[in-house]
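Contents: one structure, followed by commentary.
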Amino acid sequence: MIEIHNARKVYRQGDDEVVACQVGELTIVDREQVALIGRSGSGKSTLLNMIAGIVRPSSGSVRVAGRELSEMSESERDRFRGEHIGMVFQTFNLLQPFNAVENVLLGATFGRKAPGTRERALELLTTVGLGDRLHHRPGQLSVGQMQRVAICRALINQPALILADEPLGNQDPETGREVLDLLLRLAREEGRTVVMVTHDPASAALMERTVDLMDLQSEVAS
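Just so you know, we're using our numbering here: the sequence shown kicks off at 1 and counts up by one.
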């Protein structure tokens, strides 16, 4: 599902170069559930954005589902992400004017709108326990309920890969564990790969495999 080889993201600040992220070798297989851990500033979110095609690596290779992302144009990466990748964010990124169903359907904007998309949105929301909150807006939902909506939005296009960026950061431990368990269960049932970045060892322990970014950085070829 994911193959990374000597990938680096470097930003220039005047005459200086700042390395935001570097990864030697990383392979994640189809349907695997992997936690990428590291301290603040270690490049976790940058790595996730490279895998999503939001950020292009300065050098090296990032392949997802057999496609080399650095060879795609920005519009091609956007289309690829919409069709193959679902994303769950710490801040949810729900739009306040829209209700739960509408926010989930927004996830289908960049993908191929297959027949039955609305029916799938209703089914997902019911599955995560929000069947009685379909027409509630984000401001009318609890933190845990908003994250459940975000999970449904990530799954709406039936993506092969789910990327989660510190998804439990805004929740109390009990609610966070419940929501993460739900995400992993749905992913297993639908045969999705899950990659989550976190600094929390307890969250990482729920995944099948944990990878420390410090280990990946030490593997980068000079």
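A virtual CB, placed ideally from N, CA and C, is assigned to each residue, including glycine.
Gln-217: not part of any beta strand (DSSP E); member of the alpha helix (DSSP H) spanning 213 to 217, first to last residue.
By the criterion of at least three beta-carbon pairs nearer than 8 Å, the stretch 46 to 56 is in contact with the stretch 15 to 23. Excluding five sequence positions before and after His-135, the CB atoms of its chain that fall closer than 6 Å to its own CB belong to Asn-99, given in chain order. Shown here for Leu-216: same chain residues with a beta carbon closer than 7 Å to its own, the five before and five after excluded, namely Val-23, Gly-24 and Leu-26 in chain order. In the DSSP assignment, Ile-4 falls within the beta strand (DSSP E) that extends over 2 to 13.
Inter-residue distance for Ala-150 and Ala-108 is about 13 Å (C-alpha atoms, whole angstroms).
Excluding its 5 nearest sequence neighbours in each direction, Thr-210 has C-beta neighbours in its own chain below 7 Å: Ala-35, Ile-37 and Ala-204, listed in chain order. Nearest to Glu-119 by alpha-carbon distance, out of Glu-190, Leu-105 and Arg-31, is Leu-105. Annotated as distal: Leu-186 and Gln-90, with beta-carbon spacing of 9 Å or more. Around the CB of Gln-145, 16 or more other CB atoms lie within 10 Å, so the residue is classed as buried. Under the 10 Å beta carbon count, Ser-42 is surrounded by 16 or more other beta carbons and is classified as buried. At least 9 Å separates the beta-carbon of Asp-172 from that of Met-196.
Ile-85 sits close to Ala-160, with the two beta carbons spaced by under 9 Å. Residue state for Met-146 is assigned as helix, using DSSP reduced to three classes. Ranking Val-88, Thr-117, Ala-121 and Phe-92 by CA distance to the CA of Val-101 puts Ala-121 first.
Judged by their CB atoms, Arg-39 and Pro-97 are not nearer to each other than the 9 Å cut-off.
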